[in-house]
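Quick note: the sequence shown uses the numbering used here, first residue 81, plus one each step. The beta carbon of each residue, even a glycine, is placed where N, CA and C say it ideally should be. For reference, the structure is listed below as structure tokens.
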Amino acid sequence: MKLLLVEDDRAISRSLKYILEKEGYLVDAVFSVQEAERFLGLNHYNIHILDVRLPDGTGFDICTFIRQQSEAPILFLSVENEEDSIVEGLTRGGDDYIIKPFKSKELIVRLQKLLKKHEKHVFIDGDMSIDMQSGIVKFGHEMVNLSTIEYRLLLFFISHINEIVKREDLYELIWDSMEYVNDNALSASIKRLREKFNGELDIVTVRGQGYRYKHENTQR
């Protein structure tokens, strides 16, 4: 689970990084808006912790930047228990707010709740993410435009990970009727789907049986 921590107080940052890594998070700790945007341009994070006041801007600026490319949870840290500040953070796209000083246990519980809530409607597999509520599909930081058939295929495959799916089942479930569908139409649709993920979507052909979508690092 990758986490971006943006906190300009280096002592607090070190302490939080230690606590979070003990909980199993893979933490990238940075100290400014500029550093955060650079790391966000190179990595995909499952969750973000943003201090509000930073040397070259605010955590709100980073939140806006994140929301242009990701719906992953954002938790704000602040010394300000002011309604306007809290409202701004949530309006910008933040998910929760915690006021310093706080107990480490409270932070961990809040992160767990955010992740649990987020995982109910977002499927993540490597660099691919699918927001089930909005229908937005991303690969890395780029949105992937899928046809209705391609999107149905993708959803069906991710709900049957590591299972062999028969071609006949795909005909019936994806096209609703097998009457006007031939084998070439299915093969062409799966080929286009693979191409839209630069060949990295691991849908393999199982000769004489159908297809299997597999990936070891899968999160729901």
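(1) Leaving out five residues before and five after S93 in sequence, what residues of the same chain have Cβ atoms less than 6 Å from its Cβ?
(2) If you pair each beta-carbon of the stretch 217-229 with each one of the stretch 169-189, do three or more pairs fall below 8 Å?
(3) Would you tell me roughly how many angstroms separate the C-alpha atoms of R232 and D164, rounded to the nearest one?
(4) Would you report the Cα separation of G104 and F219, rounded to the nearest angstrom?
(5) Among H198, D89, D136 and D282, which has the Cα closest to the Cα of H128?
(6) Where do the ends of the beta strand (DSSP E) carrying L109 lie?
(7) Look up V159 in the DSSP assignment and say whether it is helix, strand or coil.
(8) Identify the continuous alpha helix (DSSP H) that holds S184 and give its terminal residues.
(9) In terms of alpha-carbon separation, which member of L83, N278 and F140 lies closest to F119?
(10) Give me, in chain order, the residues of the same chain whose beta-carbon lies closer than 6 Å to that of Y293; leave out the 5 immediate sequence neighbours on both sides.
(11) On the DSSP bridge assignment, give the partners of L85 in chain order.
(12) With DSSP run on the structure shown, which of helix, strand or coil describes I241?
(13) Let's see if you can read the secondary structure: which residues bound the alpha helix (DSSP H) around I142?
(14) Contact defined as beta carbons within less than 8 Å: I believe V202 pairs with E151. What is the distance between those atoms, to the nearest angstrom?
(15) In this structure, does DSSP put G121 in helix, strand or coil?
(16) Taking buried to mean at least 16 other C-beta atoms within 10 Å of its own C-beta, is L253 buried or exposed?
(17) Taking the Cβ atom as the reference point for each residue, do F140 and E168 lie within a distance shorter than 7 Å?
(18) In three-state DSSP terms, what is E103?
Here's the rundown:
(1) As a first step, residue 93 must be located in the sequence shown, where it is residue number 13. Closer than 6 Å at the Cβ level, and outside the excluded window around S93, lie E87 and A109.
(2) no
(3) Here residue 232 refers to the residue found at position 152 of the sequence shown. Here residue 164 refers to the residue found at position 84 of the sequence shown. Answer to the nearest angstrom: the Cα atoms are 42 Å apart.
(4) Here the question's residue 104 lines up with position 24 in the sequence shown. Here the question's residue 219 lines up with position 139 in the sequence shown. Cα to Cα, G104 sits roughly 25 Å from F219.
(5) Start at 1 with the first residue of the sequence shown, and residue 128 comes out as number 48. The residue with the shortest Cα to Cα distance from H128 is H198.
(6) Position 29 of the sequence shown holds residue 109. A small correction: the amino acid at residue 109 is Ala; Leu does not occupy that position in the sequence shown. Start and end: L106 to V110.
(7) Here residue 159 refers to the residue found at position 79 of the sequence shown. It is coil, neither helix nor strand.
(8) Walking along the sequence shown from the start, residue 184 turns up at place 104. Here the alpha helix (DSSP H) through S184 covers S184 to E199.
(9) Your numbering for residue 119 matches position 39 in the sequence shown. It is L83.
(10) In the sequence shown, residue 293 corresponds to position 213, counting from 1. Excluding sequence neighbours, Y293 sits near F237, I241 and I283.
(11) In the sequence shown, residue 85 corresponds to position 5, counting from 1. Paired residues: A109 and I129.
(12) The count along the sequence shown starts at 1 and reaches residue 241 at position 161. Residue state, collapsed to three classes: strand.
(13) Translated into the one-based positions of the sequence shown, residue 142 becomes position 62. First-last of the alpha helix (DSSP H) with I142: G139 to R147.
(14) Indexing the sequence shown from 1 puts residue 202 at position 122. Indexing the sequence shown from 1 puts residue 151 at position 71. Indeed, because the Cβ distance is near 6 Å, the residues count as touching under 8 Å.
(15) Working through the sequence shown from its first residue, we reach residue 121 at position 41. G121: helix per DSSP, three-state reduction.
(16) As a first step, residue 253 must be located in the sequence shown, where it is residue number 173. Classification of L253: exposed, given that the 10 Å Cβ count is below 16.
(17) To locate residue 140, count along the sequence shown from 1; it is residue 60. To locate residue 168, count along the sequence shown from 1; it is residue 88. Against a cut-off of 7 Å, the Cβ pair of E168 and F140 comes out as a contact.
(18) One-based indexing of the sequence shown puts residue 103 at position 23. E103 falls in the coil class under three-state DSSP.
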